Structures are given as C-alpha cells and as structure tokens.
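One structure below.
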Amino acid sequence: MEDLNKENKFFQDIYDNDKMVWLGQNTNHFPTYEAIKSAMIQSIMNEDYHKYPPPYGLEELRALILQDLNLNSNLTVHITEGGTESLYQVTRSLLKPGDIMISSDPGYYVIHRFAELSGAKVLDLPIYSGDNDYKLTPEMVNEVIDKRAKMLTLVDPLNPLGVSYTPKEVKAFCEIAQDAGIYVLNDVTYRDLAKSHTLAADFYPEGTITIYSFSKNCGLAGLRLGAHIATDTLLASMSEYKINDLGTSIIAQVAGVAALKNKVDWLPKVVAITAENQLLIKNAVDKIEGAFLPVYPSHGSMMVIDISETGSTPETIADEMLRRGFFIRAASYTTRRFTDRYVRVSFSVPTVQVENFTAELLKLF
Ligand SMILES: Cc1ncc(COP(=O)(O)O)c(C=O)c1O
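Under our numbering, the final residue of the sequence shown carries the number 365; numbering is consecutive throughout.
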C-alpha cells in the first residue's frame with residue numbers, strides 16, 4: 001500500500017514540476033498540431049461526452065488506423081485506452097497457465113508482467129550484445145521454440161534500445177510462428193519514428209495481433225488512446241477480457257481522428273527534430289570516456305546510453321539528473337539481466353531541452 005502511494009507521489013511531483021524535462025517515458029512533448037486541439041475543443045463545446053462511445057471505437061477512427069497501417073481490410077481495429085489496455089487484453093485472453101511467451105531482455109517488461117498474470121512463462125532472450133546487433137534473431141527464437149510456446153512478442157521498434165527489424169527478419173519470425181502455430185504480438189508503438197518499418201501482419205495476418213498507440217508519435221499520451229488489430233476470429237477469442245465495454249474517451253478519439261487526418265503535416269517535423277536531437281545526444285556521449293550508444297540511430301523516440309565502463313551506476317545518474325530537472329530512466333525498468341549497464345533517454349522534446357540535458361549530463365563525468 002505504502003509503496004504504491006510512494007510511486008504515485010514520485011510521478012505526481014514530476015508531473016507538477018513545470019520545469020521538468022520529460023525524457024523518461026518516450027512521450028512526445030512537441031507543441032500539438034492546431035487541428036488536433038481544435039477538434040478536441042469542438043467536441044467539448046458540443047458536449048459529445050454525454051454519450052458512451054461505441055464499444056470498439058468510432059468507425060471513422062477504426063478505418064483511419066487501418067488506412068494508416070496500410071493493412072488489408074479483412075483485419076479489424078478495436079480502439080482501447082492506450083496500447084497498454086490492448087497488451088493486457090491480448091496477453092490475458094490468449095495465454096494460459098503453462099504457455100510460453102518468447103520475448104527479449106532488454107524489453108518492455110509491462111508485457112512480460114501481464115503474460116505472467118495469465119500463468120504463462122516468459123522466455124526473455126538476452127539480446128544486449130553487438131554480436132546480434134542488439135536484436136532478437138530468428139535463430140534465437142528457433143532454438144527455444146517448443147510445444148509450450150504460444151506467443152512471440154516483437155516490439156518493433158524496441159523500447160528501450162530503438163532497434164527495428166528488416167522485412168527479411170520480420171518475414172522469418174512470421175514463418176517460424178506460422179509453422180509452430182503460435183501468435184505474434186507485434187507492438188508497433190514507435191513505428192512512425194522508424195526510418196522504415198515492416199508489419200508482421202503483412203506476412204502472417206491470421207496469427208498476428210498488432211498493437212497501436214497515439215502516445216509517442218503525436219503526443220497524446222495523457223489522453224490514453226490506442227488500439228489492437230487482428231482478424232475477427234482472433235478478436236472474438238479475446239472478447240471475454242475486454243475492459244472498456246462502454247467505449248474509450250470520446251475526446252481522445254476525436255483527437256485521434258484529427259491526428260490521422262493531418263498526419264502528413266505534423267509527422268515529418270517530429271521525425272526531423274527527433275533525428276537532430278539524437279545526434280546532439282550522440283555528440284555528447286562521444287565525449288564521455290567509457291560511455292557509448294549501443295544502437296545509433298535509434299528507430300524509436302528513445303535510446304540507451306551504456307555507462308557501465310564509466311565507474312558510475314544507472315541509478316546514480318538517473319537520480320542525479322532528476323535532481324537537476326531531467327527525468328530519465330535507469331536500466332532496471334527495462335531489463336532483468338543488464339541492470340548495471342545503461343540509462344534510457346528519450347528525445348522527442350524541443351531541441352533546446354536536449355541541449356540543456358547534454359550540457360548537464362557532461363557535468364556528471
Ligand atoms: C512498447 C510499448 N508499448 C506500449 C506502450 C504504452 O502505450 P500507451 O501509452 O498507448 O498505453 C509503451 C510506453 O512506453 C511502450 O513502450
């Protein structure tokens with residue numbers, strides 16, 4: 001009880017601090033595109049919020065997401081309160097006690113935790129090595145797959161490392177999954193930041209569940225809006241675990257519609273500024289003896305700085321930076337084995353904030 005309150009207080013303090021530079025959750029802090037804000041204001045003025053929205057989302061938003069992913073119209077979109085809700089529903093409904101979910105370490109451990117709630121065992125394969133380009137490989141998956149395997153989780157681009165998979169790799173993962181008759185959970189939360197991106201659903205539509213989010217690309221994290229996409233058959237088998245029977249916030253969905261309709265106007269700027277910001281961080285890290293970037297450029301809105309040879313620890317650096325007004329994450333949030341190796345820093349914030357961050361970071365070494 002006490003710990004949960006402490007955790008909430010930690011986040012409340014960061015939230016309340018207007019000067020805090022938010023590099024700890026990969027969220028997007030660029031000014032919101034005007035049409036997105038106007039759509040929300042209009043919806044509030046119309047008092048749209050008196051009605052419960054349709055349970056699986058506004059038809060227009062569902063169609064726009066399918067179009068955005070350029071996916072076959074045989075697949076269906078279910079709108080949720082963020083990728084998180086989708087991840088919960090997928091892992092709780094499709095995994096049973098004794099099943100195995102194959103994933104990576106480092107990785108997005110929220111998914112692992114949800115899978116374990118279903119009684120599944122998570123095989124978090126260690127990928128923190130240049131030998132395999134800090135990626136999961138089809139060979140690694142082949143080596144561990146057995147009759148108990150039920151799901152392969154591909155977070156692409158991967159939080160925290162920012163690696164992304166080539167079309168050849170995605171195809172190979174899908175073939176393995178298809179042959180073994182297991183699901184592919186393809187979390188594409190950071191897809192829009194990637195130089196290029198391949199969806200597992202393009203190769204294996206009948207067994208893939210794609211997780212979609214509005215939090216990192218256009219900065220709607222606080223509105224809590226996401227989706228999952230799969231075949232109707234798969235979605236029906238997940239329906240028992242649907243959380244929001246009465247639909248997802250109408251204001252958030254209206255914002256999502258405006259975001260997708262205007263994507264060509266705001267996304268290129270997000271991509272350009274994040275690329276510039278990453279370079280600033282790289283230039284700073286190059287000056288720190290013993291520190292390096294395992295993955296550069298990152299295909300996400302975050303990167304990992306390896307500090308294991310600097311004589312400092314991830315916790316010390318994260319605490320020290322927080323004291324100086326910069327929220328970043330120690331490794332332990334995204335790894336079980338490599339907790340002493342890195343800090344994770346996101347860079348989808350105005351460039352001046354990244355400049356201030358790098359200046360302060362250099363003072364620590
Ligand atoms: C891989 C991944 N999936 C999902 C989420 C959460 O997405 P949402 O804000 O849509 O719940 C995150 C947030 O950090 C993430 O890194």
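Even glycine gets a Cβ: it sits at the ideal position worked out from N, Cα and C.
Everything numeric in this text was worked out from a predicted model, so none of it was measured.
As assigned by DSSP and simplified to three states, the class of residue i
i    : result
S104 : strand
K287 : coil
I79  : strand
D99  : coil
Y337 : Reading off the sequence shown, one finds Arg at residue 337, where the question assumed Tyr. In the structure shown, R337 sits in coil (DSSP, three-state: anything other than H, G, I, E or B).
V163 : coil
V352 : helix
V122 : strand
R323 : helix
V21  : strand
T248 : coil
T208 : strand
T189 : coil
P53  : coil
P31  : coil
Pairwise C-alpha distance: residue j and residue i
i    : j    : result
S164 : M101 : 20 Å
D70  : T313 : Asp is not the amino acid found at residue 70; the sequence shown has Asn there. Cα to Cα, the separation comes out at about 43 Å.
A318 : R344 : 9 Å
S118 : G300 : 29 Å
L158 : F10  : 26 Å
S93  : F365 : 47 Å
V141 : V170 : 12 Å
A120 : K282 : 39 Å
L61  : I44  : 18 Å
S196 : P268 : 13 Å
I366 : Y128 : The question about residue 366 has no answer, for the chain in this structure spans 1 to 365.
Bridge-paired residues (DSSP) for residue i
i    : result
H112 : DSSP lists no partner for H112.
V345 : M303
S213 : G226
Y183 : M151
A318 : In the DSSP output, where bridge partners are listed per residue, A318 has none listed.
F292 : D306
F329 : According to the sequence displayed, residue 329 carries Arg and not Phe. Bridge partners of R329: R344.
Rounded Cβ spacing between residue i and residue j (contact assumed at less than 8 Å)
i    : j    : result
L136 : V184 : Actually they are not in contact, since the Cβ atoms of L136 and V184 sit about 12 Å apart, beyond 8 Å.
I182 : A149 : 5 Å
F357 : F327 : Contact flag wrong, Cβ pair sits at about 10 Å.
T27  : S348 : 7 Å
Residue i: CB within 8 Å of a non-hydrogen atom of ligand 2
i    : result
R224 : Ligand 2 is not part of the structure shown, which contains ligand 1 as its ligands.
Does the segment 40-50 come close enough to the segment 17-25 to have 3 or more Cβ pairs within less than 8 Å?
-> no
Does the count of Cβ pairs from the segment 124-139 and the segment 178-192 closer than 8 Å reach three?
-> no
Segment contact, 8 Å Cβ cut-off, at least three pairs: the segment 251-265 with the segment 106-124 = no
Are the segment 222-233 and the segment 242-258 touching, with three or more C-beta to C-beta distances below 8 Å?
-> yes
Inspect the CB distances between the segment 329-349 and the segment 103-113 and report whether three or more fall short of 8 Å.
-> yes
At least 3 beta-carbon pairs within less than 8 Å: the segment 195-215 vs the segment 225-243 | yes
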